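From first to last, the protein sequence lines stand for chains H and Y.
Just so we're aligned, residue 1 is where the first sequence starts under my numbering, counting upward by one.
Just so we're aligned, residue 578 is where the second sequence starts under my numbering, counting upward by one.
Note that CB positions come from ideal geometry on N, CA and C, so glycine has one too.
Remember, predicted model here, so these are calculated numbers, not experimental data.
Report on one structure; see the data block that follows.
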Amino acid sequence: MTLQDIRTAPLGQVLRPNVWDVVAIILVIGAMVLIVYGGEQTTEPLSELQASPVSLDPANLPLYALRTTMRMLLAIVCSTIFTFVYAAVAAKSRRAEIVLIPLLDILQSVPILGFLTFTVVFFMNLFPGRVLGAELACVFAIFTSQAWNMTFSMYQSIRNVPKDLEEASQSFHLSPWQRFWRLDVPFAMPGLIWNAMMSMSGGWFFVVASEAITVGNTTVTLPGIGSYVALAIENRNLAAIGFALLTMFLVIIAYDQLLFRPIVAWADKFRFEQTASGNVPESWMLDLFRRTRALRALSYPFSAINRAFSNLHVQLPAALRWQADRGAPSRVFDAIWFVVIGASTGYAAWRAYLYLSTNLSPSDVATAFVSGLVTLARVAVLIALATLLWVPIGVWIGLRPKLAERIQPLAQFLAAFPANLAFPVFVVFIVHFHLNANIWLSPLMILGTQWYILFNVIAGASAFPSDLREAASSFHLRGWRWWIKVVLPGIFPYYVTGAITASGGSWNASIVAEVASWGDTHLTAKGLGSYIASATEAGDYPRVVLGIAIMCVLVTLFNRLVWRPLYAFGERRLRLG
Amino acid sequence: MPSASAAFASADAGNILMLDKSSEQALIEMHGVCRSFPKGRGEDLLVLEKVDLTIRAGEIVGLLGRSGSGKSTLLRIIAGLVAPSSGDAKCRGETIISPPNGIAMVFQSFALFPWLTVLQNVELGLEALGVESGERRKRALAAIDLIGLDGFESAFPKELSGGMRQRVGFARALVVHPDLLLMDEPFSALDVLTAETLRTDLVDLWVEGRLPIKSVLMVTHNIEEAVLMCDRILVFSSNPGRVAAEIKVDMPHPRNRLDPAFRQLVDSIYARMTKRPEPKVMPLDGIPGTGVGMVLRHVSSNVLSGLIETLAAPPYDGHADLPVLASQLQFEADEIFHLGESLQLLRFAQLSEGDLTLTEAGRRFANLETDARKKLFAQHLIDHVPVMGLVRRVLDERPSHTAPAARFRNELEDYMSEEDADETLKTIVSWGRYAELFAYDEHSETFSLENPG
Ligand SMILES: Nc1ncnc2c1ncn2[C@@H]1O[C@H](COP(=O)(O)OP(=O)(O)O)[C@@H](O)[C@H]1O
Ligand SMILES: [Mg+2]
């Protein structure tokens, strides 16, 4: 895109700044200052946190918001780097793939918040006495909530690179390195960006939950919106919670407008389709940058560097290099590889068994498992209720394009909004009316994740072919028949996608949703989430491990036995077009 | 900016010098090349059998054959994208193990990078070769100029029409100044007029010596295209693919499609391609149970009855020349072959020497009402298509009168690749439904005898 401009525009004109440059430069410099400032804070010693504790003064909120956002940014950068490496290795090496992909699948269902216990200890030991350790633990928690689905998306894209493009890059002698940057990465870009957006939405929840962590008798409170809210809860300060909600609201809007919309608009050129589509995503921010002359000139060296980078002569390990398809690969190496995998798996299982069996008795397993079933029941009921509520509404909205266009961003925003900020409001309500915590804490689990169902259903209904709708109305299909025969099959694959995300999110949320407090009042609902949460608070590591393991197993089973078959069914039978 | 012809002038000079030197040594030499692909149950599908092929500098060679005969596979072996199972393939005397230098490819699907502009697409091959950026830009612009893409340098492929996209495909291949240009059905994704323009443009550039290449190998299933462009045509037979005939075309360029010599050559190739029926797995003796392994190409029953009607009506009156029929009905040579073969299989017509003749049953079919047609069709299916008889027999014998599709798919896959089995099954379903021999439920993938309600 830029090449042609270089050729046609006379040089002097390129470099003379215009009005837009001033605006854009201020934005860029502002961003840099904020990043540097936020970065400086993290190298402070840990005692600094005690010296200037989080305060409820709303004037501090912008600063806290900045710190929280920085953690998010850092995490998404880490996730992206991880994605590039992990997905590339998994997609290019058959032997690595055998291990990496199932691993990713399981990692996806690990309850991240339960995990926090170990990572905090680990990172604190890595940088003893420094804020950096706690910061990294928090970033790591966000990272683990973001990386997996991005990696999956990239892996799948690389595996599905169109065969002709692959052959073209081979026959034109692109090196594997060039191929990766010129073909694999661009092809994976749209899916990756979409998944990064989803990840960011989920990430806010975790950053808020992991800023104030208590492990055994250590409590770490990192300055940020999450710890601000934690303090507000402790002090029963409802006004402060209101301020925090408002701040978060503004932060997410800014994030969306300043970062993601420009990226989505820019990435439109990577969409793999052969015809120009009329519906091009827009971003005022990107337009602003495209209108600036000097800033664009600044970006030329970047694109040149980018080009030079992708043209580097990088030798990849032989295992990752492409070879003409020449029949079966070596069986001996396969055998050795399988033995290695088997041995390490066996060893890991043995160590886990030893650790757990010395500290736990079978009755512990039974207790945890029963708690797991309780939480499972909760998730199932909540998803069913959310389905009954949002599917009809989503269809109604989706079939009205004008309305859908306005509601869709709202639903996405609600999914991004960290629902845990709103928990206290519910808790106050429950305490005030003396409601049963076992029942009334449950909705918190799905508070933030139900929106995935809504916006996927809206997307499905919007994509519903209008000729099918017209055909249905010309056959006078109405009422429940219309739902069963026409609409539900049409939106089914979309619904399942949304429901998978929602149910995964709810499991995770159970760890913070099944225990809630307001000042000195503590509410607990029986379930695996509260089991893990209370074990964490008590520093009882074996039970934390047990709880996490059982949650992993339940989530994986639920996915394999319910969602996967439903998804496959939807893809096979009901995918339109 | 230097003009295109100037930029290529040096290349041309080089070509001519090299041409003399390399005239003894063939560019590509293949001996006894076989290639098979694994299909289910440990068996292999032999796609190429003992192919010998030589390509020298200064010629356009056409590889003509029906779809599925292994032309693309052969091209990919030369391009170094697929390795032969046995036999040796050499490029300038060296065995091909990876994409050789000096070979560039043009794809049927264009295979352009949608996120790169025309200029960037064209430059890509040069970047891979490590050509320095000034030189790269110069050569890319020259190629774009040559191929008639001037002014489109900064356009993205999705903004271009099909013909323009394929021009980008040509420019991208030409810019690396390859010795051999490989083209895999480069015109078949284009509409008729665009394809013709591009063909003549390319032939003109070739004749004028303005293309920076020495030879072209192009794959096609279009007989006229081969005769129009090539100096030598290799006719490919299918199952397994091998070179059945080699035809030299001595007519000077530009060739005229209406020229009697041109027509005669096209007709004779048609005849040659229909005279040699493919050695199918099925013996034609029709013993129940043996002919099940026949691959049935999916041809809709509507098209079949349409073709029978056309054949029965004037001006054909039951007898037609295939090329004439193909051009009147706007079919590719390949498609008309499939149709003719299906009719022959059902004994509604006879194929020979490029002609299609209705049989007695075919004439009768043309004059019947819908219901009677279905009955006749059903009768012929049972009598002449063993697998249809099999399906019907299994359904009759089973108490439930139902059978899962897997029952037949498994049996088919004993004889053919998975793809072929799929297509055959699809054909069975669609013909069987038309003839009302049985019903089929897509959801449960089961055949049954009950009539669909
Ligand atoms: N990679 C592959 N794996 C399995 N079968 C293949 C593969 N490539 C081609 N074939 C089979 O080889 C046969 C010939 O294919 P192809 O060379 O594409 O024929 P053509 O180009 O003449 O139409 C087809 O039956 C096809 O199914
Ligand atoms: Mg082909």
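Assumed close pair residue i, residue j - CB separation to whole angstroms, cut-off 8 Å
i                : j                : result
Ser153 (chain H) : Gly191 (chain H) : 4 Å
Leu625 (chain Y) : Gly818 (chain Y) : 5 Å
Gly746 (chain Y) : Phe684 (chain Y) : 6 Å
Ala203 (chain H) : Ala212 (chain H) : Ala is not the amino acid found at residue 203 (chain H); the sequence shown has Gly there. About 17 Å; that fails the 8 Å criterion.
Val826 (chain Y) : Ile800 (chain Y) : With a Cβ gap of about 12 Å, Val826 (chain Y) and Ile800 (chain Y) do not count as contacting.
Pro676 (chain Y) : Ser79 (chain H)  : With a Cβ gap of about 35 Å, Pro676 (chain Y) and Ser79 (chain H) do not count as contacting.
Arg643 (chain Y) : Asp911 (chain Y) : 5 Å
Thr497 (chain H) : Asn456 (chain H) : 5 Å
Glu571 (chain H) : Pro493 (chain H) : 6 Å
Trp957 (chain Y) : Arg924 (chain Y) : Sequence check: residue 957 (chain Y) is His here, not Trp. The pair is a contact, with the Cβ atoms about 6 Å apart (cut-off 8 Å).
Arg776 (chain Y) : Phe687 (chain Y) : Not confirmed; about 16 Å, so no contact.
Val843 (chain Y) : Val804 (chain Y) : 5 Å
Asn149 (chain H) : Asn195 (chain H) : 5 Å
Chain-ordered neighbours of residue i on chain H, where CB pairs are closer than 7 Å
i                 : result
Gly818 (chain Y)  : By Cβ distance, chain H contributes nothing, its closest Cβ being about 18 Å from Gly818 (chain Y), past 7 Å.
Pro763 (chain Y)  : Near Pro763 (chain Y) there are no residues of chain H at all, since even the closest Cβ is about 12 Å away, more than 7 Å.
Ala676 (chain Y)  : Going by the sequence as given, residue 676 (chain Y) is Pro instead of Ala. Per Cβ cutoff of 7 Å: Gln170, Ser171 and His173.
Leu1002 (chain Y) : The contacting residues do not exist; Leu1002 (chain Y) stays about 16 Å from chain H at best.
Length of the line joining the Cα atoms of residue i and residue j
i                 : j                 : result
Leu861 (chain Y)  : Gly868 (chain Y)  : Bear in mind that a pLDDT of 39 at Leu861 (chain Y), under 50, signals an unreliable position, so the number given afterwards is only what the model happens to contain. Using only the alpha carbons, I get a separation of about 7 Å.
Arg834 (chain Y)  : Ala926 (chain Y)  : 29 Å
Val161 (chain H)  : Ala533 (chain H)  : 43 Å
Asp5 (chain H)    : Asp268 (chain H)  : For Asp5 (chain H), the predicted model reports a pLDDT of 31, less than 50, meaning its position is unreliable and no value from the coordinates is stated.
Leu751 (chain Y)  : Asn698 (chain Y)  : 12 Å
Asn508 (chain H)  : Ile491 (chain H)  : 26 Å
Ala903 (chain Y)  : Asp184 (chain H)  : 42 Å
Ser646 (chain Y)  : Arg612 (chain Y)  : 12 Å
Val365 (chain H)  : Thr358 (chain H)  : 13 Å
Asp894 (chain Y)  : Glu802 (chain Y)  : 29 Å
Val628 (chain Y)  : Arg351 (chain H)  : 59 Å
Phe908 (chain Y)  : Ala308 (chain H)  : 49 Å
Leu788 (chain Y)  : Pro734 (chain Y)  : 23 Å
Gly931 (chain Y)  : Val753 (chain Y)  : 41 Å
Leu884 (chain Y)  : Asp836 (chain Y)  : 28 Å
Ile252 (chain H)  : Trp480 (chain H)  : 39 Å
Val858 (chain Y)  : Asp621 (chain Y)  : With a pLDDT of 40 at Val858 (chain Y), under the threshold of 50, the modelled position of that residue is not reliable, and the figure given next carries that caveat. The alpha-carbon atoms of Val858 (chain Y) and Asp621 (chain Y) are separated by roughly 14 Å.
Glu1022 (chain Y) : Ala980 (chain Y)  : 9 Å
Phe84 (chain H)   : Asn678 (chain Y)  : 30 Å
Ala368 (chain H)  : Ile1005 (chain Y) : 56 Å
Pro186 (chain H)  : Ser882 (chain Y)  : 48 Å
Ser506 (chain H)  : Ala983 (chain Y)  : 40 Å
Thr947 (chain Y)  : Leu916 (chain Y)  : 20 Å
Proximal chain H residues relative to residue i, where beta-carbon distance stays under 9 Å
i                : result
Ala681 (chain Y) : Ser171 and Phe172
Per-residue contacts from residue i into chain Y (C-beta, under 9 Å)
i                : result
Pro58 (chain H)  : What Pro58 (chain H) touches in chain Y: nothing, since even the nearest Cβ is about 46 Å away.
Ser465 (chain H) : It should be pointed out that residue 465 (chain H) corresponds to Pro in this sequence rather than to Ser. Chain Y residues near Pro465 (chain H): none, gap ~19 Å exceeds 9 Å.
Phe272 (chain H) : Pro691 and Trp692
Cys287 (chain H) : Position check: residue 287 (chain H) holds Asp in this sequence, whereas Cys was assumed. The contacting residues do not exist; Asp287 (chain H) stays about 19 Å from chain Y at best.
Contacts of residue i in chain Y (Cβ-Cβ under 8 Å)
i                : result
Ser175 (chain H) : Ala705
Glu167 (chain H) : Arg653, Ala656, Leu658, Met682, Phe684 and Ala688
Asp584 (chain H) : Beyond the ends of chain H as shown, which are 1 and 577, falls residue 584 (chain H); an answer cannot be given.
Gln178 (chain H) : Glu704 and Ala705
Interface residues of chain Y facing residue i [CB-CB closer than 7 Å]
i                : result
Pro186 (chain H) : Trp692
Asn311 (chain H) : Glu704
Asp164 (chain H) : Phe684, Ser686 and Ala688
Residues that residue i contacts on chain H, provided the C-beta gap is smaller than 8 Å
i                : result
Leu758 (chain Y) : Residues of chain H passing the Cβ test: none, with the nearest at roughly 11 Å.
- Message: Between the segment 787 to 805 of chain Y and the segment 757 to 767 of chain Y, can you find at least three pairs of beta-carbon atoms closer than 8 Å?
- Response: yes
- Whose CB is closer than 6 Å to a heavy atom of ligand 1? List the residues in chain order. Y:Phe614, Y:Val624, Y:Gly642, Y:Ser644, Y:Gly645, Y:Ser646, Y:Gly647, Y:Lys648, Y:Ser649, Y:Thr650, Y:Ser994 and Y:Glu996
- Task: For the segment 219 to 239 of chain H and the segment 512 to 531 of chain H, state whether three or more C-beta atom pairs, one from each stretch, are separated by less than 8 Å.
- Result: yes
- Query: Okay, do the segment 116 to 127 of chain H and the segment 135 to 145 of chain H touch, 3+ Cβ pairs below 8 Å being the bar?
  - Reply: yes
- Message: For the structure I just gave you, are there three or more beta carbon pairs, one from the segment 538 to 546 of chain H and one from the segment 442 to 457 of chain H, closer than 8 Å?
- Response: no
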